[in-house]
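The structure under discussion appears below in the form of structure tokens.
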Amino acid sequence: MLTKKFMIENIDIKNLNIEKASEMLRDGKITSVSLVEACLKNITERNGELNAILEVFSDALENAKKADEMIARGEGDQLTGIPLVIKDNIFITGKKVSASSKILENYVASYDAFVIEKLKKSGAVFIGRANMDEFAMGSSTENSAYGPTKNPFDITRVPGGSSGGSACSVAAGFCLGALGTDTGGSIRQPASFCGLVGMKPTYGGVSRRGTIAMSSSLDQIGPITKTVEDAKIIFTTIVGKDSMDATSIDLNSTGSDISGAKIGIPRDWLKEGIDTDVMENFNASVEKLKKLGYEIVDIDLPYSKYSLAVYYILMPAEVSTNLSRIDGIRYGNRVEGENIFDTYKKSRSAGFGMETRRRIILGSYVLSHGYYDAYYNKAWKVRHAIEKEFEDIFKKVDFVLTPTTPSVAFKFGAKKDPLQMYLSDIFTVPANIAGIPSLSVPSGFSKEGLPYGIQFMAPLCADEKLFEISLELEENI
Amino acid sequence: MEIKDVENLAEMSKIELTDAEKEQILKDMDGILGYVKQVEEVQVPDMIIEYKLRNIWREDKIPDSLMHFSLPAGCSSLDGFSITTGMPCSPNYIILSQFPDKDGGCVKVKKVL
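Protein chains in written order, with my numbering: chain W, 1 to 477; chain C, 1 to 113.
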């Protein structure tokens, strides 16, 4: 029995991370219940303003008690009793999951996602579901059907997207870590905007079973945390081959030795379109890596410059297919029409926001007769060229380094047309196109106190090495 | 692209758009397609694609665990709840309970043909 006098009374979530909290839980200095209570208090104080969490789960404290019992029995691991927030597109049995859309407003998950099964086994505690851009379509969380989430560093600015609620929750002390999904940068960009670590695994490394699909050849689930070590803890828990995800693989790690690593910088990507202060911060971080003894090499990635164009052909195509299952028939909000086709149309139009409908239309266009070859097929050919280009460059360097985003968190409404918004993913998208793992590390703050981020990319299955190099930079920022 | 194209695409994808929305989408498409069509000029070498993704096959067999389903105690059918335990009778309760319109264990829809 833990005696109260050894316990820490006022838990400050802001000064804790998963690694620290886990030690304190095992040393009996805190309980999971007290951790969760501290998170809930922060949520009560700030979620009304920030709108990061759509629903706080009513069984969070009950699960925290169970986690404390696990720890008392000497069972569990580093995630036991740790409060996490889950993006609103990942299934937890019996819990609502809406992808921040109206059409799935009251949809209840009938099974656990693979990643949730793994986290439940560890005894992690789910605090609630996080706001996002509807169906993961966006880079700012402005496309949520439940209102935008605000950046906790400056509430006139976006937290990034589509995992904006997840990132905000970690930065605002609503949890100690979160799950997001990343199709074109949706973990890394909000992590960068909110001063956090965000990691996208090698494609296939983390099972997509039980995650609402956006673009199946690009989607991955990953952690958003305060530290690289925390991200590694979550990643190690959720990774694994799943027979129920045909694209999941046994991530045969290429080891963790990064001694003598060469870091490539694609200078021709960085010639224009980036804010001056972001470039200054980036160059300063590069100097730090040089001082640590890593060789910095200028590289050329000419095909990869087309990643965003390829992305905005392939992704909408896959989206238009994936979202065709949402028709108001077996689940979701149904609006009856005069006949079956009218029912589909009315249900989908009432339930899908503008950006969702825009991307479905774009996807249908690039897949339609007469345009399929010029757009969709050509985009795949260019995609293969990009994959090969990265494969080849990783024979010369061990990592590729860029700023995570071309600017710090922008103001609400700043991106007036869709293309302007899409361009915020210009540096994050190549990793999804090539399937390679990528991680954003916080790299400082602007004069206005807004976070900067820097992004490493590594070869396929080099996720462990990616964590190692990120730890190096994090320790020396 | 013209309004008629937007209308055809909306029809194909079973989406309704107001006239104002059609105009907006047409404008957006111009901008987006203008950007993505740069892939047309990309010269890709002839390459033999080794597809890393391949179809995963399995035997078309019902797993043993599902071959021996029997109704839980207190249930006379898959509908409803057990009169002894109060738990749902169907293992698919969550799925069935979300049919927007239903008749017993079946989802009800407008006539298809």
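Beta carbons are placed, not taken as given, at the ideal position from N, Cα and C, and that holds for glycine. Quick caveat: nothing in here was measured; it's all calculated off a predicted structure.
- With contacts defined as CB atoms closer than 8 Å, W:Ile329 and C:Val109 qualify as a contacting pair.
- The beta carbon of W:His369 sits no closer than 8 Å to any beta carbon of chain C.
- For W:Thr343, the residues of chain C that pass the 8 Å Cβ criterion are Val109 and Lys110, in the order they occur in the chain.
- Below the 8 Å Cβ cutoff, chain W contributes no neighbours of C:Leu78, its closest Cβ being approximately 15 Å away.
- Counting along the chain, W:Leu401 sits inside the beta strand (DSSP E) bounded by residues Phe399 to Pro403.
- Residues of chain W with a Cβ closer than 9 Å to the Cβ of C:Ile94 are, in chain order, Thr93, Gly94, Val108, Ala109, Ser110 and Tyr111.
- Of all C-beta pairs linking the stretch 33-44 of chain W to the stretch 155-166 of chain W, fewer than three are shorter than 8 Å, placing the two stretches out of contact.
- The stretch 166-177 of chain W makes contact with the stretch 144-156 of chain W; the number of CB pairs closer than 8 Å reaches 3 or more.
- For W:Gln189, the enclosing alpha helix (DSSP H) has its first and last residue at Arg188 to Phe193.
- If you check each beta-carbon in the stretch 325-339 of chain W against every beta-carbon of chain C, the ones closer than 9 Å belong to Asp327, Gly328, Ile329, Arg330, Tyr331, Gly332, Asn333, Arg334, Glu336, Gly337, Glu338 and Asn339.
- For the pair W:Ile71 and W:Gly81, the CB atoms are nearer than the 8 Å cut-off.
- Taking every protein chain shown into account, the CB of C:Pro63 has fewer than 16 other CB atoms within 10 angstroms, so this residue is exposed.
- With contacts defined by Cβ atoms closer than 8 Å, W:Lys465 and W:Ser256 form a contacting pair.
- Interface flag for C:Ser13 against chain W is set, since a Cβ pair is found closer than 8 Å.
- For W:Pro418, the chain C residues whose C-beta falls within less than 8 Å of its own C-beta are Asp28, Gly31 and Ile32, listed in chain order.
- Sequence-distant Cβ neighbours of W:Ser98 in its own chain, meaning closer than 7 Å and more than five residues away, are Asp88, Leu104, Glu105 and Tyr107.
- For the 8 Å CB-CB criterion, W:Ser32 and W:Ala64 form a contact.
- For W:Asn151, the beta-bridge partners assigned by DSSP are W:Asp154.
- A straight-line Cα-Cα distance of about 7 Å links C:Leu96 and C:Gly105.
- Contact between the stretch 193-205 of chain W and the stretch 429-438 of chain W is established, with three or more Cβ pairs separated by less than 8 Å.
- Per the coordinates, the alpha-carbon of W:Lys288 lies some 7 Å from the alpha-carbon of W:Ile477.
- Within chain C, no C-beta atom comes nearer than 8 Å to that of W:Leu176; the closest sits roughly 29 Å away.
- Assigned with DSSP and collapsed to three states, W:Glu391 falls in helix.
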